[in-house]
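As given, the protein sequences belong to chains A, B, C and D, one line each in that order.
The numbering used here applies: residue 83 is where the first sequence begins, and numbers increase by one.
The numbering used here applies: residue 83 is where the second sequence begins, and numbers increase by one.
The numbering used here applies: residue 83 is where the third sequence begins, and numbers increase by one.
The numbering used here applies: residue 83 is where the fourth sequence begins, and numbers increase by one.
One structure is given here, and the rest of the page talks about it.
Number of protein chains: 4
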Amino acid sequence: MKYNHSFFNDYSEGCHPDILEILNNTNLEQEAGYGEDSISKKAINLIKEEIKNNDVDIHFVSGGTQANIVVLSSILKPYESIIAAETSHINVHEAGAIEATGHKINLIESHDGKLNTEQVWNVLESHTDEHMVKPKIVFISQSTEIGTVYTKDELKKLYYFCKENDLYLYIDGARIASAVASEESNMSLADVTEFSDAFYIGGTKNGVMLGEAIVIKNPEIKENFRFHLKQKGALLAKGRIVGAQFSGLFENSLYLKNAKYANKMASELSHGIKDLDYEFLSDSTTNQIFPIFPNEIVDKLKEKYGFYVWNKIDKNNSVIRLVTSWVTPEEKIIEFINYLRNIK
Amino acid sequence: MKYNHSFFNDYSEGCHPDILEILNNTNLEQEAGYGEDSISKKAINLIKEEIKNNDVDIHFVSGGTQANIVVLSSILKPYESIIAAETSHINVHEAGAIEATGHKINLIESHDGKLNTEQVWNVLESHTDEHMVKPKIVFISQSTEIGTVYTKDELKKLYYFCKENDLYLYIDGARIASAVASEESNMSLADVTEFSDAFYIGGTKNGVMLGEAIVIKNPEIKENFRFHLKQKGALLAKGRIVGAQFSGLFENSLYLKNAKYANKMASELSHGIKDLDYEFLSDSTTNQIFPIFPNEIVDKLKEKYGFYVWNKIDKNNSVIRLVTSWVTPEEKIIEFINYLRNIK
Amino acid sequence: MKYNHSFFNDYSEGCHPDILEILNNTNLEQEAGYGEDSISKKAINLIKEEIKNNDVDIHFVSGGTQANIVVLSSILKPYESIIAAETSHINVHEAGAIEATGHKINLIESHDGKLNTEQVWNVLESHTDEHMVKPKIVFISQSTEIGTVYTKDELKKLYYFCKENDLYLYIDGARIASAVASEESNMSLADVTEFSDAFYIGGTKNGVMLGEAIVIKNPEIKENFRFHLKQKGALLAKGRIVGAQFSGLFENSLYLKNAKYANKMASELSHGIKDLDYEFLSDSTTNQIFPIFPNEIVDKLKEKYGFYVWNKIDKNNSVIRLVTSWVTPEEKIIEFINYLRNIK
Amino acid sequence: MKYNHSFFNDYSEGCHPDILEILNNTNLEQEAGYGEDSISKKAINLIKEEIKNNDVDIHFVSGGTQANIVVLSSILKPYESIIAAETSHINVHEAGAIEATGHKINLIESHDGKLNTEQVWNVLESHTDEHMVKPKIVFISQSTEIGTVYTKDELKKLYYFCKENDLYLYIDGARIASAVASEESNMSLADVTEFSDAFYIGGTKNGVMLGEAIVIKNPEIKENFRFHLKQKGALLAKGRIVGAQFSGLFENSLYLKNAKYANKMASELSHGIKDLDYEFLSDSTTNQIFPIFPNEIVDKLKEKYGFYVWNKIDKNNSVIRLVTSWVTPEEKIIEFINYLRNIK
């Protein structure tokens, strides 16, 4: 790539060296196919320890959209729907993948990317009969699309609300490690497990080559889940490859180490930008930050750095997204701030 | 695994060391996401050279069922169907993945796993009006589920028939390398490209960790194909990972070297078994062979080797499937034959 | 139509005059929409009396393919499939409607259009793991596509088999009245209800303008069924129109009177043809018969009568389908036989 | 029903007596099945005359949701979507029928139930790549869910915008007769045809028992449309029944006479309510009006009349929907106004 550094995303590199080493070390062992290998089993046990729950089912898949497709479509009857934020990944950035499995998404406008129980209640209340869909899943992302996090109390409240109203709570955890690593969220993966029916732990954005771990706590979702995986093209012949990587991610809590580092880099970047008196779209304590710059500053930044322009604020100003990762060099943060100071 | 050796399949190990080396070497380079990276582009160019056609689109996905889902569903209108052998992977072993995208498979009974133009014609002729589906794709596997191969003449004839009858010809190439490496098929990947509308080159069974390369020649199928990939959860964030592996597979024709070796091992195994006067379900010149044994022999083989029992021939005899790969040790072949001789 | 008489089907005319009278008499009454009207309720009560079961749910829809679509898709999870005869309507003549809802049909070859427990067992036994679909519904037609009927004993056996094997038994009853009116079947609608989980009573082919009555006995299928109806476009705004017609069909057992008359006409036609030494594709005791004629006889018949050529027997002979109905004039039967005698 | 009169909807009665007469008169004629009968052909010709376009395809179906399902799903590729108002029938009141065919609806907030080109443009502009769906159809209702109408100029502008931007314009015409009968719209069915790609003419709400006429002008949508009808369970065996009714509706422009009468009744009702100083949710010139009443007035109205409470305005006031039809007695309008005056 042509950039001095890319802040486009947290999946610009391959994988953490420790993970690559595991792949190297286990490479020529003969193992069973389709995720029934000993390496995947080891990874599953490590995750169960970390989430402090032995009574969950864990399945590895190759990507986050795939995880969402398989879990959500496995739960719903044809007339049931999903409640999600307008900004949610499944609504905007999955090319209609959920609707392609036959289900409507009931949208909630949300300024901070999060849902609360009152908003969900309003959706339930407006769905009164068989001429309408029947909402059945509440879909949230932790962290959200705009870098914010649910606190443990918020999550707990939402989960209990779902249980009282016969809804499932599912969490898109593409960046769950970053959320857990944020002090603001005040939650561990064990809490995430306790206060949801199912979620996935994103590996791709947390230092593996590719792969996500679907964690299912609710027994109704567990049933025959491998049929769903197979039917959606998500059951990898060499499941071991993802399993091996997750064993690396959960050995010595590498997932958390990676996320904390990424958050720290984002925080330094964020503080540097704030010190130069720029504002932000959202209060992020995770590895995605959304500063607002005059368009001419955006243009100058583009000359040296890779990033997405998130949207326009007005005729003269735009929000950009800057993403850090487990491997972002601290010197690139410092350089960015210096450059920004100079072009101001 | 508990076996002396597993002949279960050709995806029991990780990947060829040369491929692992590329992953190691490119690991920390920053690259664009979603298959738009320089590593994938290099791999695509290598494949284009090998198939002698620069005017194709190539997309990398994580598995074979996924490749079939995306390509087949991208082509068809809601009322159109696919013609395939009863034994085909999409009919038997994909958990209804194709029907889950809304399409019927019109089945043809085939003793050797292959389709011919007369069989396809009969299907067309029996579909006469809007009360029935409209067959639009002919689906074949090369090599087939039972190890047989289409010769170049057979493929050519089928392709021309399809073109005359407004049908698409799609090839499931999970083991296309093995088919191309078989002298019986008498065809190169360039021939496969010339005589089909689209196909995929299987990587998973040919020495990569995971990944398949979809090759699209027909311009009608090319259009907006990335939308289909995204919607089906098949657009990998780190497309580079599969790209890197295919660059390894097509550098110095490693794909062919791997396949030739696997075929050679299967041939030695096959000859050894024939020499002991056993018969076979099919005439395979690829890396899957299907010997028929008395059930007590099958049981004794199971004590030392891993393999699938394919089906029953009669009360006393069964077909088993033995699969070799790029990494099957020749000594395991010899041991197997010796053991078989001893238990006879 | 240009024919002396059409034996094409049993839906060539409008409806029985008694039914038209009900539509005339109730026309200007204001009623609730979507099947919640008093006329539909009356019809439902009449049907419940006739089937001797008050604990069923009954829903009216506009056509048979629609009934099949809504019921079958309402029952199945995404990976579950339907077992049916190769000749079945859902396999051949519904333009892939079932697959369009996402489900595979597991086919059974059947010479008489019927399924038995051994055939179903073989399908179950060959579906062993999550790489394959999971068969969940046994679909049969009573009477079958080729005019044959299940006897009460056959149906009972199949139903008990289904219950033992965690399968649903669903009956396509497009011509259930004709089957019930056949002495061979030895069953009433009460028996049909007792020995199935759900079925539909065909009105269109039994003397109404349009409409079928779905009868659901199994509580699992009853749940939220109106959502399925609505979603598939099957919940008629003026449900009263079909309700009114079924009230006519079940007042004084008109459905049975209509069917008996149709069967009688078919029987006379059949005997007349047999007396002229022609053979038949199947032993039908219902209102569809399938005589085999030399092609030149078929051509001469076509000059005066409307009917479908079912298929070819060999180069010189074809099966044709002749269908009688509640309104077939007896004189047309006599004329047909006389004409056939003359052209022999 | 228990009401003095029902203003619930425009489908509370059977059908116009002239239409019933046609059904009576043609009842015992033998006709071809599946809409290929002479009665349907006559109806199609009458419609073609009325819309002044002989080059359209016309298909009869049993209901409006069904019409929307079949047309919309027939046009779209898997990744393509529909732009519609948040209040639209397909979004709110079809139980997720459109999503069940695999497609997302892109929503536009609209205070008057209508869409304009600027709103559509904003949707297009925000859909930039293959991570998102690709909007392809603009869906509007004429008249809208809240009784408003597009003027001919508005429709023309929207249609030309669609043509410039490679979009299809489809009109849900459940109440198109009422819209055409409104002077405000200033358009005929010929104009509707000229400025759309496809639409349906609602019969159910305009005086037939059941049935809608799909009119397709765009040749791309015409192709193999009967396959789509069959697959969605919409191809009626006795298509003649709907055909006969539409022949009645278009003989001597009964459709327009019915709609004008319904609009006149709504207008009288509306003026009576306005004269009592109540306000309205929308400016309707069609047969649905939406007055706003204090909740205690609503409760008293409920004692004598049937109608839907549309939604709440605030704690004390609600919108109700009053619908008139071709058969609403003028005396019921007068009674309603008198009653309202008394309870004020």
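Positions of the beta carbon are idealized from the N, C-alpha and C atoms, including for glycine.
This structure is a prediction, so every number in the text was calculated from the model and none was measured.
A distance below 8 Å separates the beta carbons of I425 (chain C) and K382 (chain C). The stretch 334-350 of chain D and the stretch 167-184 of chain C do not touch, with fewer than 3 CB-CB distances between them shorter than 8 Å. In the three-state reduction of the DSSP assignment, R403 (chain A) falls in the strand class, which pools E and B. For a cut-off of 8 Å, the C-beta gap from Y252 (chain B) to D273 (chain B) is around 16 Å, too long to register as a contact. A distance below 6 Å between beta-carbons, with the five flanking residues on each side excluded, links N136 (chain A) to the following residues of its chain, in chain order: K130.
For N91 (chain A), the closest Cβ of chain B is nearer than 8 Å.
Three or more beta-carbon pairs separated by less than 8 Å link the stretch 227-245 of chain D to the stretch 193-200 of chain D, which places the two stretches in contact.
Rounded to whole angstroms, the Cβ separation of T406 (chain A) and A348 (chain A) is 4 Å, and the two are in contact under 8 Å. Shown here for V324 (chain D): same chain residues with a beta carbon closer than 6 Å to its own, the five before and five after excluded, namely F142, G293 in chain order.
With contact defined as three or more Cβ pairs closer than 8 Å, the stretch 111-129 of chain C and the stretch 313-330 of chain C are in contact. Note: N188 (chain B) is bridge-paired with B:I165 in the DSSP secondary-structure output. Pairwise C-beta distances place the stretch 371-389 of chain C in contact with the stretch 347-363 of chain C, as three or more of them are shorter than 8 Å. Look at H310 (chain C): its C-beta is under 8 Å from a C-beta on chain A.
For the stretch 286-369 of chain D, the continuous beta strand (DSSP E) assignments of 3+ residues that do not extend past its boundaries occur at 294-298, in sequence order. For E111 (chain B), the closest C-alpha among the options A:N398, A:C97, A:E111, A:L110 is that of A:C97.
Beta-bridge partners of Y421 (chain D) (DSSP): none assigned. The contact set of Q370 (chain D) on chain C, defined by CB atoms closer than 9 Å, is empty, because the minimum CB distance reaches about 14 Å. Closer than 8 Å to the CB of E212 (chain C) there is at least one CB belonging to chain A. CA-to-CA, the gap between L422 (chain A) and N398 (chain A) works out to about 17 Å.
For N393 (chain A), the uninterrupted beta strand (DSSP E) run begins and ends at 390-394, by DSSP. When the Cα atoms are used, I164 (chain B) and M291 (chain D) turn out to be separated by approximately 40 Å. Among the CB atoms of chain C, one or more fall inside 8 Å of the CB of Y161 (chain A). According to the DSSP assignment, H141 (chain B) belongs to the beta strand (DSSP E) that extends over 139-143. Within the same chain, Cβ atoms closer than 6 Å to the Cβ of I133 (chain B) are found at L271, A272, T275, the five residues on either side in sequence being excluded. Relative to N300 (chain A), the option among A:K314, A:I172, A:F277 whose CA is nearest is A:F277. Boundaries of the beta strand (DSSP E) harbouring L251 (chain C): 250-254, taken from the DSSP string. At a C-beta separation below 8 Å, E95 (chain D) has these neighbours in chain C: N109, L110, E111, Q112, E113.
Collapsing the DSSP output to three states places F281 (chain D) in a strand. At a cut-off of 8 Å between beta carbons, S267 (chain C) makes no contact with chain A. Sequence-distant partners of F389 (chain A) (beyond 5 residues in either direction) whose C-beta falls short of 8 Å from its own C-beta, in its chain, are S88, F89, F90, L383, I402, R403, L404, V405. For S208 (chain D), there is no enclosing alpha helix (DSSP H), since its DSSP letter is neither H nor E. Only S163, V174, H175, A177, G178, E181, A182, G184, H185, K186 from the stretch 162-186 of chain B bring a Cβ to less than 7 Å from some Cβ of chain C.
Look at Q313 (chain B): its C-beta is under 8 Å from a C-beta on chain D. N173 (chain D) is not a Cβ neighbour of P217 (chain D), given a cutoff of 8 Å. Assigned with DSSP and collapsed to three states, K123 (chain D) falls in helix.
Of the residues assessed, E246 (chain D) falls on the exposed side of the cut-off, its CB having fewer than 16 other CB atoms within 10 angstroms.
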